[in-house]
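Colleague:
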Amino acid sequence: MPESPPFKVIIIGAGLAGALLANGLLNNKVAFTVYERDAVNSKREGYQIRLGDSAVRGFNACLSEQLAEAIIQKFGRSATLGPTAPCLYTTQFKPVLDLTRLPTYSRSFAINRVVLRDLLIEPLMQVGKVKYGKSFSSHEIIGDPSTGSEKVKVSFTDGTSDDCDILIGADGSSSRVNAALGVNNLVQLDTHWSFLSKGSVPKDRLDKLPVQLQKGPILVFANGVSFFYALYLPNKHESKFDAGSLTYDDVEASFYWGLNVPKSCVPKYTDSAEIPDRLQFCQDIIQDWAPELKGLIAIGQEDDDSSGITIIPLRASFQPAKHWRKAVQTGPGEMGHGKGHPRVWLLGDAIHAMQPNRGQGGNQAMHDCAELLPYLLQLNGIAASGKAPTIEDISTRCARYESEMMQRTFRWVRKSGGTSVPTIDFDGILGRLVTIIDRLFLPVISLLLRPFFGSGNEKLNW
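Under the numbering used here, read the sequence shown as residues 3 to 464, first letter to last.
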């Protein structure tokens, strides 16, 4: 029988954060397996993610230079040099505030989620470390009385199981690992429906879109409704990323939009499945908006390869109590069943799901990888020296990771709206006030803060 590895990590979920962390383990020769619920050939929607400094921290910690460069080459272009931020508009398409001008606002580059995920998964697939069609069922702590050692037994719904030293839950905002561990801090926001759509951007379509979209995303808040529209214009393979002209790969280019609608606006529907025509529904919601905005909803819906309009649940989270692990270990048997056990760690949306308003969910998940990986490497180093990490070794590192992660991420959860959807209205007094501040005071404020935060057009620090 072959010897089992001295230290092994199991990651539940092959999404962006799970795959990124796995690359870090692979590059540092730590034994691991990634288990993914979906089938290997399952269809995934290529919605957009915007990458900023937090994501770059994760890339720098986990990726090879070659893979990092491949990701850079897939970044979206813009008519400005460097990363961008949204521009706020009223429903009549009047600019309120260009967030790129705020030195303290997080800027980012666009990339297609599926493109990024495929790049991250490829090295793992090459070494056979991703197991598809494996849905997490439960975990328990198993011990060997003769040696005093213990492992995490991870069970799957197909009846199979695997053992590890550390279990990482990276299974998203509906995390089963979170529930099994006893955190239960993930909540569904039932006040709104979230409509999403995407499509292609050939050159003739780009010419018909508002020019602002070539500079950055458009964001509208009005009467509880929010609307986000962005382009992904990847670089042509033969052109340099910092070229001045806006040449892009129109085969991979795409648009992406999201419309969040309060359920109270449409009391005749109690379930999204009752909506007969999603396009018409969205058009009715914004029927009084400017033609430039109304036209964006219908673009691409008649394409042969259109994926239509998808409705997804909005999910968020609240910060667990400082000593939540101890609190959920209510009886002597709970530790054995894995409740609150320090051998089970959580990553990304599985612990700090947040609303998409600030575009930080994925970024913070990848930042988690940069903070979590060194602790796993330390534990692997202890095991490599010939002795298994003690429960004290593991508990100490788990506590340090969670303390750092929670302080950072739950600030972003709160900035993104917490567990209630923001009801900002830029069509009224607030919009006019922000516009006045933008025109009269922001140039001075930006000039004063620029030495501390940069010009806003700097490249990300790879």
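Positions of the beta carbon are idealized from the N, C-alpha and C atoms, including for glycine.
These numbers were taken from a predicted model, which means no experiment stands behind them.
1) Nearest to SER177 by CA position, among ARG317, VAL58 and ARG416, is which residue?
2) Bridge partners for TRP195 per DSSP, in chain order?
3) Bridge partners of TRP291, per DSSP?
4) Taking 8 Å as the limit between beta carbons, can you name the residues of its chain near ASP160, skipping five residues before and five after?
5) Taking C-alpha atoms, which residue in LYS210, LEU191 and GLU142 lies nearest to VAL179?
6) Helix, strand or coil for GLU404, going by three-state DSSP, please let me know.
7) Cβ of TYR258 within 8 Å of Cβ of PRO236?
8) Using a Cβ-Cβ cut-off of 8 Å (strictly less than) and excluding sequence neighbours within five positions of PRO315, which residues of its own chain qualify?
9) GLN50 lies in the beta strand (DSSP E); which residues open and close that run?
10) When the Cβ atoms of the stretch 395-410 are set against those of the stretch 338-348, are three or more pairs found closer than 8 Å?
11) If we ignore side chains and look at the alpha-carbon of each, how far apart do THR162 and GLN214 end up?
12) Have a look at the DSSP bridge pairing and note the partners of PHE223.
13) Kindly indicate the opening and closing residues of the beta strand (DSSP E) around GLY171.
14) Per DSSP, which residues does HIS141 bridge with? Please list them.
15) List the residues that DSSP assigns as beta-bridge partners of ASN114.
16) Can you tell me where the beta strand (DSSP E) holding ASP370 begins and where it ends?
17) For ILE438, does the three-state DSSP call read helix, strand or coil?
18) GLY26: buried (16+ other C-beta within 10 angstroms of its C-beta) or exposed?
19) Does the beta-carbon of THR392 have 16 or more other beta-carbons within 10 angstroms, so that it is buried, or is it exposed?
20) Distance check for PRO424 and PHE230, CA to CA, integer angstroms please.
21) Could you pull the start and end residues of the alpha helix (DSSP H) that LEU69 belongs to?
22) Is it true that the stretch 418-435 meets the stretch 375-390, where meeting means three or more beta-carbon pairs spaced less than 8 Å apart?
23) Roughly how many whole angstroms lie between the Cα atoms of GLN94 and TRP291?
24) Which of the three DSSP states is assigned to VAL36 in this structure?
25) I believe PRO278 touches GLY226 by the beta-carbon criterion, under 8 Å. Please report the beta-carbon distance rounded to the nearest angstrom.
26) By alpha-carbon positions, which one of PHE158, PHE283, ASP100 and SER139 ends up nearest to LYS270?
27) Any chance the stretch 318-326 sits against the stretch 409-421, with 3 or more Cβ pairs inside 8 Å?
28) Which value, in whole angstroms, describes the spacing of the CA atoms of CYS371 and ASP286?
29) If the criterion is Cβ atoms closer than 8 Å, does the pair VAL42 and ASP167 meet it?
30) Report the rounded CA-to-CA distance for GLY17 versus ALA367, giving the unit in angstroms.
31) How many angstroms separate the CA atom of LEU22 from the CA atom of GLN68?
32) Just verifying my parser: in three-state terms, what is the DSSP assignment at THR392?
33) For GLY458, I'd like the list of residues in its chain whose CB is within less than 7 Å of its CB, leaving aside the five on either flank, ordered along the chain.
34) Output yes if chain B places a C-beta closer than 8 Å to the C-beta of PHE428; else output no.
35) Which residues in the same chain as LYS328 place their Cβ atom closer than 7 Å to its Cβ, once the five residues preceding and following it in sequence are excluded?
Modeller: This is what the structure gives:
1) Ranking ARG317, VAL58 and ARG416 by CA distance to the CA of SER177 puts ARG317 first.
2) VAL263
3) Partner(s): none; TRP291 has no beta bridge.
4) GLY135, LYS136 and SER137
5) The shortest C-alpha separation from VAL179 is found at GLU142.
6) Here GLU404 sits in helix by DSSP.
7) no
8) GLN190, LEU191 and SER196
9) Looking at the DSSP string, the run of the beta strand (DSSP E) that includes GLN50 is 50-53.
10) yes
11) THR162 and GLN214: Cα-Cα distance of roughly 52 Å.
12) SER228
13) 168-171
14) VAL156
15) ASN114 is bridged to GLN50.
16) Unbroken run through ASP370 is the alpha helix (DSSP H), 363-386; no beta strand (DSSP E).
17) helix
18) Of the residues assessed, GLY26 falls on the buried side of the cut-off, its CB having 16 or more other CB atoms within 10 angstroms.
19) exposed
20) 14 Å
21) In this chain, the alpha helix (DSSP H) harbouring LEU69 covers 67-74.
22) With the cut-off at 8 Å, the stretch 418-435 and the stretch 375-390 do not touch.
23) 6 Å
24) strand
25) GLY226 and PRO278 do not touch by the CB rule: their CB atoms are close to 23 Å apart, not below 8 Å.
26) PHE283
27) Contact holds: three or more Cβ-Cβ distances are below 8 Å.
28) 42 Å
29) It is not a contact, given that the beta carbons lie outside the stated cut-off.
30) 10 Å
31) 14 Å
32) The answer is coil: DSSP assigns THR392 none of H, G, I, E or B.
33) Confidence at GLY458 is low in this model, with a pLDDT of 43, below 50, so its placement is unreliable and no value can be given for it.
34) Of the chains in the structure shown, none is chain B; there is only one protein chain.
35) GLY342
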